[in-house]
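Last residue of the sequence shown: 461 in our numbering, with the numbers rising by one and none dropped. Using N, Cα and C, we set each Cβ at its ideal position, and we do this for glycine too.
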Amino acid sequence: MTATHSRSKRPRSEPFSTQHSSAPSPRSRRSATSRVKPVWLSFPDLLSLGMLGLRTRTMRAMLSALGISIGVATMVIVTAIPASSHRALIEEISALGSNMLRAQPVPGQAEPVLLPEGSVAMARRIGPVTGASAVANTNTEVQRSDVTSGEDFSSAGLSVLAARRDLLDVVGGRVLSGRFFSEADEQFPTAVLGYQAASRLGIGEIPADEPAPEIRIGRSWFTVVGILHSVPLAEELDVAVLTGWTAAKNTLRFNGNPTVIYIKAEEEHLEDVRKVLPATVFPEQPGQVQVSRPSDALAAKRATQNSFSSLFLGLAGVALLVGGIGVANTMVISVLERRSEIGLRRALGATRGQIRVQFFTESVALSLLGALAGTTLGALSAVGYSACQDWPSVIPPTSVVAGCLGAVAVGMVAGVYPSVRAARLPPTEALAAA
């Protein structure tokens, strides 16, 4: 009986223990709730949410991004155009000869200063010098024919210069028609005309199958064997009639003293050569020698252009700032118009952080799209302008990167307040305002 009675009591306690163990206690409910964590949005979802406002309000987004686009486009243009001009100027100077120096006696002296006859050879002895040549004024007159009067205006302003055979290699000159002096030509009365001198004397070209034209220099006749292109770094050659160095000595009673010495040197040592050149070519009176660099006038243009580029860059920054204010204004209005969307998302479980990230991403995406459009517009404008000016197109990568990063930074700053405001909207208030 005792055993039976004890067995009969055991089934009664089993259901009770089972039921008691299956019911969760308040502590277990709190622990289960504490283990629930907010869902992190993946990057594609985050990007999709950020682009939601841009897709639904396309026209407003385009107008808001327009300010950013103008700022970035201005930044690209004001850096690309001076860079293209700079490249064109550097190429022009390099083609003309930025490593050329010009030495001559100081002008305006009471008594003319004559450089030594061996000054050209002495200049070649300077280590970094790669070439040296010279011309000399023969102080004679030139005429187209012997029947013209003494008042021959066609030859007015033309000078007769004795030239060495290596002159064109040093000054970067080119022959337009005919040839320059050969070793044989230098010994005989032959002449090469500068570009303007040939035009004034009425000689257009040197015929290949006909007798070459002749001009009268002093009391002798010289055969014209060539015509030169214009020489930008030695403009005095454009209005000159050149004769061979030896022929000038034999025919025109030239004394052999050079008037102007042209020197080419290694670019990195050009200033050093410039310092020692006067004492080298004229040791007795180095103070009477003037040394100039013909490309200095062209290089001065570059400094003028760079001074304006910094001003335009500041204007681009102002335009970018104005664009950022427009983005911030648009985002604030977007928050006010989309309160029902914000309330619905909060009611469905979206956290404040997710709301902040959504609107922050939208602001950055809006600025980035504006930056990309501005970069494209600025690059196309700069390339078109460079093509019209016949310049090489140069788009500095730093300006493109700086413009995009600046636009993103502006978008981040502009999106802080709207995103925080959107996250602080209570769900009930947002839904009630819908």
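With distances taken from CA atoms, which of GLY221, ASP196, ILE233 and SER160 is nearest SER186? Stepping through the sequence shown from its first residue, residue 186 is reached at position 159. Minimum Cα distance to SER186 is reached at GLY221.
Give the straight-line distance between the Cα atoms of ALA110 and ALA100, rounded to the nearest whole angstrom. Along the sequence shown, read from residue 1 onward, the residue named residue 110 stands at position 83. Along the sequence shown, read from residue 1 onward, the residue named residue 100 stands at position 73. Between ALA110 and ALA100, the C-alpha separation is close to 15 Å.
Spatial neighbours of LYS291 within its chain, please: CB distance less than 6 Å, with the 5 preceding and 5 following residues excluded, ordered by chain position. What you label residue 291 is simply residue 264 of the sequence shown in a count that begins at 1. The beta carbon of LYS291 sits closer than 6 Å to those of ASN126, MET127, THR157, GLY158 and VAL197, all from its chain and outside the five residues before and after it, given in chain order.
Once DSSP output is grouped into helix, strand and coil, what is the label at GLU294? Working through the sequence shown from its first residue, we reach residue 294 at position 267. Note: GLU294 maps to helix in three-state DSSP.
Runs of beta strand (DSSP E) lying entirely within the stretch 200-281, each at least 3 residues, in chain order: 202-205, 217-220, 241-244, 247-255 and 267-271
Would you call the stretch 127-139 and the stretch 277-292 in contact, with 3 or more CB pairs under 8 Å? yes
Can you tell me the Cα-Cα spacing of GLU232 and LEU399, whole angstroms? Here the question's residue 232 lines up with position 205 in the sequence shown. Here the question's residue 399 lines up with position 372 in the sequence shown. Approximately 55 Å, taken between the alpha carbons.
Whose CA, out of ILE95, ALA148, SER209 and THR167, lies closest to the CA of VAL252? Within the sequence shown, the letter at position 225 stands for residue 252. Cα-wise, what sits closest to VAL252 is SER209.
Which same chain residues end up closer than 6 Å to LEU264 when comparing Cβ atoms and leaving out the 5 residues on each side of it in sequence? The residue you call residue 264 lines up with position 237 of the sequence shown. Cβ within range, chain order: GLY221 and VAL258.
Since I believe VAL435 is in contact with SER394 (beta carbons under 8 Å), could you give me their beta-carbon distance rounded to a whole number of angstroms? The residue you call residue 394 lines up with position 367 of the sequence shown. The residue you call residue 435 lines up with position 408 of the sequence shown. Between SER394 and VAL435, the beta carbon gap of about 6 Å places them in contact (Cβ cut-off 8 Å).
Straight-line gap, LEU297 to ALA235 (C-alpha atoms, nearest Å): For the purposes of this step, residue 297 is identified with residue 270 of the sequence shown, where counting begins at 1. For the purposes of this step, residue 235 is identified with residue 208 of the sequence shown, where counting begins at 1. Computed Cα separation, rounded: 41 Å.
Might you give, ordered along the chain, the residues of its own chain that have their beta carbon closer than 8 Å to the beta carbon of ARG448, omitting 5 neighbours on each side? Taking the sequence shown and counting its residues from 1, the one referred to as residue 448 is at position 421. Counting only Cβ-Cβ distances below 8 Å, and skipping sequence neighbours, we find VAL359 and VAL362.
What whole-angstrom Cβ distance do SER160 and LEU188 have, given they're in contact under 8 Å? To locate residue 160, count along the sequence shown from 1; it is residue 133. To locate residue 188, count along the sequence shown from 1; it is residue 161. No, SER160 and LEU188 are not in contact; Cβ-Cβ is about 12 Å, not under 8 Å.
ASN164 by DSSP, collapsed to three states: which one? In the sequence shown, the residue the question calls residue 164 occupies position 137. Here ASN164 sits in strand by DSSP.
If you draw a straight line from the alpha carbon of GLU138 to that of ARG280, how long is it in whole angstroms? Your numbering for residue 138 matches position 111 in the sequence shown. Your numbering for residue 280 matches position 253 in the sequence shown. Rounded to whole angstroms, GLU138 to ARG280 spans 20 Å at the Cα level.
Residues sharing a beta bridge with TYR289, DSSP: Taking the first residue of the sequence shown as 1, we reach residue 289 at position 262. According to DSSP, TYR289 bridges with ARG129 and SER160.
Opposing strand residues paired with ARG316 [DSSP bridges]: For this step, residue 316 is matched to residue 289 along the sequence shown. Here residue 316 turns out to be Val, not Arg, going by the sequence shown. VAL316 pairs with PRO132.
Ordered along the chain, which non-local residues of its own chain (more than five positions away) have a Cβ less than 8 Å from that of ALA239? Walking along the sequence shown from the start, residue 239 turns up at place 212. Taken in chain order, the residues that qualify are GLY205, ILE233, THR250, VAL251 and VAL252.
Quick check on THR45: buried or exposed, where buried means 16 or more other Cβ atoms within 10 Å of its Cβ? Taking the sequence shown and counting its residues from 1, the one referred to as residue 45 is at position 18. Interpretation of THR45 is limited by its pLDDT of 43, a score under 50 that renders its predicted location unreliable; the figure taken from the coordinates is listed afterwards. Classification for THR45: exposed.
C-alpha gap between ALA274 and VAL421, whole angstroms: Residue 274 sits at position 247 when you count from the first residue of the sequence shown. Residue 421 sits at position 394 when you count from the first residue of the sequence shown. Spanning the two alpha carbons is a distance of roughly 50 Å.
How would you call ARG383, buried or exposed, if buried means at least 16 neighbouring beta carbons within 10 angstroms? What you label residue 383 is simply residue 356 of the sequence shown in a count that begins at 1. Buried: at least 16 other Cβ atoms inside 10 Å.
Just to confirm, are VAL308 and ALA150 a CB contact at a threshold of 8 Å? Residue 308 sits at position 281 when you count from the first residue of the sequence shown. Residue 150 sits at position 123 when you count from the first residue of the sequence shown. The answer is yes: Cβ separation under 8 Å.
Taking only the alpha-carbon atoms, compute the straight-line gap between GLY397 and LEU371 and give it to the nearest angstrom. Mapped onto the sequence shown, residue 397 falls at position 370. Mapped onto the sequence shown, residue 371 falls at position 344. Spanning the alpha carbons of GLY397 and LEU371 requires a straight line of approximately 30 Å.
Please report the straight-line C-alpha distance between ARG246 and SER226, rounded to a whole angstrom. Reading the sequence shown from its first residue, position 219 is the one you call residue 246. Reading the sequence shown from its first residue, position 199 is the one you call residue 226. Between ARG246 and SER226, the C-alpha separation is close to 22 Å.
Residue ranges of each beta strand (DSSP E) within the stretch 87-123, 3 or longer: Within the stretch 87-123, no complete beta strand (DSSP E) run reaches 3 residues.
What does DSSP give as the partner residue(s) for VAL440 in the beta ladder? Here residue 440 refers to the residue found at position 413 of the sequence shown. VAL440 is not bridged to any residue.
Buried or exposed for VAL133, please, with buried defined as at least 16 other CB atoms from any protein chain shown within 10 angstroms of its CB. Sequence index remark: in the sequence shown, residue 133 carries index 106 (1-based). With a threshold of 16 other beta carbon atoms within 10 Å, VAL133 falls short and is exposed.
Where ALA377 sits in the DSSP three-state scheme: Taking the sequence shown and counting its residues from 1, the one referred to as residue 377 is at position 350. For ALA377, the three-state secondary structure derived from DSSP is coil.
Where does the unbroken beta strand (DSSP E) through LEU188 begin, and where does it stop? Along the sequence shown, one-based indexing puts residue 188 at 161. Counting along the chain, the beta strand (DSSP E) containing LEU188 begins and ends at 186-190.
Can you tell me where the alpha helix (DSSP H) with LEU195 in it begins and where it stops? For this step, residue 195 is matched to residue 168 along the sequence shown. Per DSSP, LEU195 belongs to the alpha helix (DSSP H) from 194-198.
Residue environment, ILE352, which counts as buried when at least 16 other CB atoms sit within 10 Å: To locate residue 352, count along the sequence shown from 1; it is residue 325. Result: exposed.
So is ARG373 buried or exposed if we call it buried at 16+ other beta carbons inside 10 Å? Residue 373 sits at position 346 when you count from the first residue of the sequence shown. Buried.
What does a CB cutoff of less than 6 Å around GLY350 pick up in its chain, not counting 5 residues either side in sequence? Looking up residue 350 in the sequence shown gives position 323. Taken in chain order, the residues that qualify are GLY94, ILE95 and GLY98.
Got a sec? Which residues, its chain only, sit under 8 Å from GLU241 by beta carbon, not counting five neighbours each side? Numbered from 1 along the sequence shown, position 214 holds the residue referred to as residue 241. Hits under 8 Å: TRP248, PHE249, THR250 and VAL251.
I'd like to check one pair, GLY438 with VAL391: are the Cβ atoms closer than 8 Å? Locating residue 391 in the sequence shown gives position 364, counting from the first residue. Locating residue 438 in the sequence shown gives position 411, counting from the first residue. Here VAL391 is near GLY438, since their CB atoms are less than 8 Å apart.
Specify, as a first and last residue, the run of the alpha helix (DSSP H) that VAL421 falls within. Position 394 of the sequence shown, counted from the start, is the residue given in the question as residue 421. Taken as a continuous stretch (DSSP letters only), VAL421 belongs to no alpha helix (DSSP H), as it is neither H nor E.
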